[in-house]
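Participant: There's a structure below that I have some questions on.
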Amino acid sequence: MISIFNKRVALRLGQLLLAAVGIVAGVMWAQWILTTDPFAQLRRGAPEGLSEEIGVRLKGVDVKMYEHGALVGSAKVGTLDIRRDRDRLAFHEVADGMYRGADGEFRFASPAATYDSSFRRLEVGSGGRIWNEDMDLKVLGAVYQGSTQVLQTSGLITGRFMDGSIEAENLLYRLDTGAYRVGPITWVGEVEIPAVRRQDKPQTQKWTIKALGAARAKGDLEFYENVEATDGEVIVKAPKGSLNRKTDVFEATGPVEYFGIEANLRCDKIVIFRAEKRAVLTGNVTLVVKPKENQKLEVMEIPPFRPVVPEEIAKNRPQPQGATDPQRKDDDEVRSGQTIRKYPILIAAEKIEYWYAEGSRRAIITGKPQARQELPEGRWRHLWAPRGLYDGEEDTLRMIGAEGKREVRIMTSVGDDLVAEWFEVATAAEEDSWQAWNITGTVAKEPDQGKPPPIGPTGPIGHR
Numbered sequence: 057m058i059s060i061f062n063k064r065v066a067l068r069l070g071q072l073l074l075a076a077v078g079i080v081a082g083v084m085w086a087q088w089i090l091t092t093d094p095f096a097q098l099r100r101g102a103p104e105g106l107s108e109e110i111g112v113r114l115k116g117v118d119v120k121m122y123e124h125g126a127l128v129g130s131a132k133v134g135t136l137d138i139r140r141d142r143d144r145l146a147f148h149e150v151a152d153g154m155y156r157g158a159d160g161e162f163r164f165a166s167p168a169a170t171y172d173s174s175f176r177r178l179e180v181g182s183g184g185r186i187w188n189e190d191m192d193l194k195v196l197g198a199v200y201q202g203s204t205q206v207l208q209t210s211g212l213i214t215g216r217f218m219d220g221s222i223e224a225e226n227l228l229y230r231l232d233t234g235a236y237r238v239g240p241i242t243w244v245g246e247v248e249i250p251a252v253r254r255q256d257k258p259q260t261q262k263w264t265i266k267a268l269g270a271a272r273a274k275g276d277l278e279f280y281e282n283v284e285a286t287d288g289e290v291i292v293k294a295p296k297g298s299l300n301r302k303t304d305v306f307e308a309t310g311p312v313e314y315f316g317i318e319a320n321l322r323c324d325k326i327v328i329f330r331a332e333k334r335a336v337l338t339g340n341v342t343l344v345v346k347p348k349e350n351q352k353l354e355v356m357e358i359p360p361f362r363p364v365v366p367e368e369i370a371k372n373r374p375q376p377q378g379a380t381d382p383q384r385k386d387d388d389e390v391r392s393g394q395t396i397r398k399y400p401i402l403i404a405a406e407k408i409e410y411w412y413a414e415g416s417r418r419a420i421i422t423g424k425p426q427a428r429q430e431l432p433e434g435r436w437r438h439l440w441a442p443r444g445l446y447d448g449e450e451d452t453l454r455m456i457g458a459e460g461k462r463e464v465r466i467m468t469s470v471g472d473d474l475v476a477e478w479f480e481v482a483t484a485a486e487e488d489s490w491q492a493w494n495i496t497g498t499v500a501k502e503p504d505q506g507k508p509p510p511i512g513p514t515g516p517i518g519h520r
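In my numbering, the protein residues as written are 57 to 520.
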């Protein structure tokens, strides 16, 4: 007779045996599910040569891609290959594609593309096109990583980029912030140019900008490396530049070089406050004003300006000697106002602050500015002043000192040495006049001549 206790033990053993059988059956069922081809029915009748990795091939498909129940992508696909592991999709003849990140989206089209759902990775093949509000580009290849929201191209890209046309390489673009890095780059687009001369009007001009690299950080800052920009009338070059689109301030560090038709310029740093229409040039500012007969746009070396003091020049200048008639003619050129625009003028200062708004164009030149003009046969004229004032509306440049003090000094190679409260020269191309105020000094004469030339309208300082 079996005791009640033994019945309970037998019942318990039976339950354990059934559980073990159930576990084994469950494992076998799971293995069958995992090894079963989910596309077996679709693969029946598939074309010969279909890769063993491909589970199914479909034609003329509208594809939609989801992550956590949310639509992240779609496309019209000529041919769709689905790999057996169901993680990777291969698109052929892709049109009207869209991919949406957490903070933005872009559209794409391409002869071929792939999508890996495990890594949230979209690859666009050669001959593809990618576009959104910032760009519309043809690419040799591109990869978008959904986990980082980064789109990266390889090789050459062409098309629209930031309101202009671009030809560049190696674009890295963040879909969430709009930050980017690209380069080398050539960008062509319309830029608003302020009026500089009195007769000019603000206008939009086409600029070509070349740079080794360009980038926009998170926010409003854009950076440029080894940049060269031209509109056909000026050329600007700088090792580094930046633009804050929020404050509308452009900054370049140097040496910054500017080449124009009428003048060339170099400085260590330039900051342009576009909203204020104000530019500040600082550090070793050198300006070369071209002569009338040689005004053309070309990149050329801007000669260094070595500041000198009047005493240094006076010590090294030879004493006046008897001169031949041709030499006297050359000396007369030094004193003539008609030769101001005949030869280059070199101007140096530490700072130039320039306001370029129409109707109020003006500049303040500080940092002990100097100006020097070299003439034929070693002749020259040199000017010193504590500061200069440029009036763009009246086309004049006035060099001045403290009120009531003769701090402006003019010296020439022929022995003239003059001081004045201020000295003014016309800057318009058609003007050759200059004048001074409260002037005194020495006008040299040759030993075999009588009185020196008068200080007046025909002298080197024009009018009193």
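Quick reminder that beta carbons are idealized off the backbone N, C-alpha and C, glycines included.
Since the model is a prediction, treat every value here as computed from it, not as a measurement.
Here's the rule I'm using: 16 or more other beta-carbon atoms within 10 Å means buried, otherwise exposed. How should Gln455 be labelled?
Facilitator: Residue 455 sits at position 399 when you count from the first residue of the sequence shown. A small fix is needed here, since residue 455 is Met in this sequence, not Gln. Buried.
Participant: Based on Cα-Cα distance, which residue from Leu321, Ile317 and Val336 lies nearest to Asn350?
Facilitator: Numbered from 1 along the sequence shown, position 294 holds the residue referred to as residue 350. Looking at the Cα atoms, Ile317 is the closest of the given residues.
Participant: Does the stretch 198-209 touch the stretch 179-188, meaning 3 or more C-beta pairs lie closer than 8 Å?
Facilitator: Cβ pair count under 8 Å is three or more, so yes.
Participant: Bridge partners for Ser130 per DSSP, in chain order?
Facilitator: By one-based count along the sequence shown, residue 130 stands at place 74. The partner list for Ser130 (beta bridge, DSSP) reads Lys120 and Met154.
Participant: Whose CA, out of Trp478, Gln208 and Arg417, lies closest to the CA of Asp451?
Facilitator: In the sequence shown, residue 451 corresponds to position 395, counting from 1. Of the candidates Trp478, Gln208 and Arg417, the residue whose Cα lies closest to the Cα of Asp451 is Arg417.
Participant: Determine the direct distance from the alpha carbon of Leu193 to that of Arg99, and round the result to whole angstroms.
Facilitator: Here residue 99 corresponds to residue number 43 of the sequence shown, with the count starting at 1. Here residue 193 corresponds to residue number 137 of the sequence shown, with the count starting at 1. Only weak support is given to the placement of Arg99: the predicted model assigns it a pLDDT of 44, under 50, and the question is left unresolved by the model.
Participant: Okay, do the stretch 389-397 and the stretch 462-480 touch, 3+ Cβ pairs below 8 Å being the bar?
Facilitator: yes
Participant: Suppose contacts are defined by Cβ-Cβ distances below 9 Å. Is Glu406 in contact with Thr309 by that definition?
Facilitator: Position 350 of the sequence shown holds residue 406. Position 253 of the sequence shown holds residue 309. Not a contact, by the Cβ cut-off of 9 Å.
Participant: Just how far apart, CA to CA, sit Lys352 and Tyr229?
Facilitator: The residue labelled residue 352 in the question sits at position 296 within the sequence shown. The residue labelled residue 229 in the question sits at position 173 within the sequence shown. Going from the Cα of Lys352 to the Cα of Tyr229 covers about 40 Å.
Participant: Hey, how far is the Cα of Thr170 from the Cα of Val305?
Facilitator: Locating residue 170 in the sequence shown gives position 114, counting from the first residue. Locating residue 305 in the sequence shown gives position 249, counting from the first residue. Between Thr170 and Val305, the C-alpha separation is close to 42 Å.
Participant: Examine the ligand SAH and report whether any of its heavy atoms sits within less than 8 Å of the Cβ of Lys262.
Facilitator: This structure does not include the ligand SAH; it has no bound ligands of any sort.
Participant: My understanding is that Leu321 touches Leu299, with C-beta atoms under 8 Å, so please give their C-beta distance in whole angstroms.
Facilitator: By 1-based counting over the sequence shown, the position of residue 321 is 265. By 1-based counting over the sequence shown, the position of residue 299 is 243. Distance from Leu321 to Leu299 at the Cβ level is roughly 20 Å; contact not present, criterion being Cβ atoms closer than 8 Å.
Participant: Going by DSSP in three states, Ala96 sits in which element: helix, strand or coil?
Facilitator: Against the sequence shown, residue 96 aligns to sequence position 40. Note that Ala96 scores 49 on pLDDT, short of 50, meaning its location in the model is unreliable; the coordinates nonetheless yield the value given after this. Here Ala96 carries a helix assignment [DSSP, helix/strand/coil].
Participant: Could you give the DSSP three-state label for Asn350: helix, strand or coil?
Facilitator: Translated into the one-based positions of the sequence shown, residue 350 becomes position 294. Of the three classes helix, strand and coil, the one that applies to Asn350 here is helix, per DSSP.
Participant: Can you tell me the Cα-Cα spacing of Ala273 and Ala335, whole angstroms?
Facilitator: Your numbering for residue 273 matches position 217 in the sequence shown. Your numbering for residue 335 matches position 279 in the sequence shown. Answer to the nearest angstrom: the Cα atoms are 24 Å apart.
Participant: Restricting to Cα atoms, I'd like to know which of Glu123, Arg142 and Lys115 is closest to Thr135.
Facilitator: Counted from its first residue, the sequence shown places residue 135 at position 79. The option with the nearest alpha carbon to Thr135 is Lys115.
Participant: Let me make sure I understand the geometry here. Which of Leu439, Ile265, Asp232 and Gly220 has the alpha-carbon closest to that of Pro240?
Facilitator: As a working mapping, residue 240 is identified with position 184 in the sequence shown. Ranking the options by Cα distance to Pro240, first place goes to Ile265.
Participant: Determine whether the beta carbon atoms of Tyr155 and Phe147 lie at a separation below 9 Å.
Facilitator: Locating residue 155 in the sequence shown gives position 99, counting from the first residue. Locating residue 147 in the sequence shown gives position 91, counting from the first residue. No, these two residues do not count as a Cβ contact at 9 Å.
Participant: Give, in chain order, every unbroken run of the beta strand (DSSP E) that is at least 3 residues long and sits entirely within the stretch 450-499.
Facilitator: 452-456, 464-468, 473-476, 478-482, 490-493 and 496-498
Participant: With respect to the beta strand (DSSP E) encompassing Gly239, which residues constitute its N-terminal and C-terminal limits?
Facilitator: As a position in the sequence shown, residue 239 is number 183, starting the count at 1. Careful: Gly239 lies outside any beta strand (DSSP E) and carries neither H nor E.
Participant: Going by Cα to Cα distance, which pick from Val355, Val341 and Gly497 is closest to Arg362?
Facilitator: Counted from its first residue, the sequence shown places residue 362 at position 306. If we check each option's Cα against that of Arg362, Val341 comes out closest.
Participant: On a CA-only basis, which of Ser210, Leu207, Tyr314 and Glu161 is nearest Glu284? Give me that one, please.
Facilitator: In the sequence shown, the residue the question calls residue 284 occupies position 228. Here the closest residue by C-alpha is Tyr314.
Participant: Exposed or buried, what is Val244 when buried is set at 16 or more other beta-carbons lying within 10 Å of its beta-carbon?
Facilitator: Numbered from its first residue, the sequence shown carries residue 244 at position 188. Residue burial is scored here from C-beta neighbours: Val244 has fewer than 16 other C-beta atoms within 10 angstroms and is therefore classed as exposed.
Participant: For Val128, which residues in the same chain have their Cβ closer than 6 Å to its Cβ, ignoring the five residues on either side in sequence?
Facilitator: Sequence index remark: in the sequence shown, residue 128 carries index 72 (1-based). The residues are Met121 and Arg156.
Participant: Per DSSP, which residues does Gln208 bridge with? Please list them.
Facilitator: Stepping through the sequence shown from its first residue, residue 208 is reached at position 152. Gln208 pairs with Val199 and Leu228.
Participant: Under a Cβ-count criterion, where at least 16 other Cβ atoms within 10 Å of its own Cβ denotes burial, should Asp276 be classed as buried or exposed?
Facilitator: As a working note, residue 276 is residue 220 in the sequence shown. Flag for Asp276 reads exposed.
Participant: What are the start and end residues of the beta strand (DSSP E) that includes Glu414?
Facilitator: Translated into the one-based positions of the sequence shown, residue 414 becomes position 358. Careful: Glu414 lies outside any beta strand (DSSP E) and carries neither H nor E.
Participant: Below 7 Å CB to CB, which residues in the same chain sit around Gly541 once its five sequence neighbours on both sides are set aside?
Facilitator: This structure does not reach residue 541, given that the chain is present from 57 up to 520, and the question cannot be answered.
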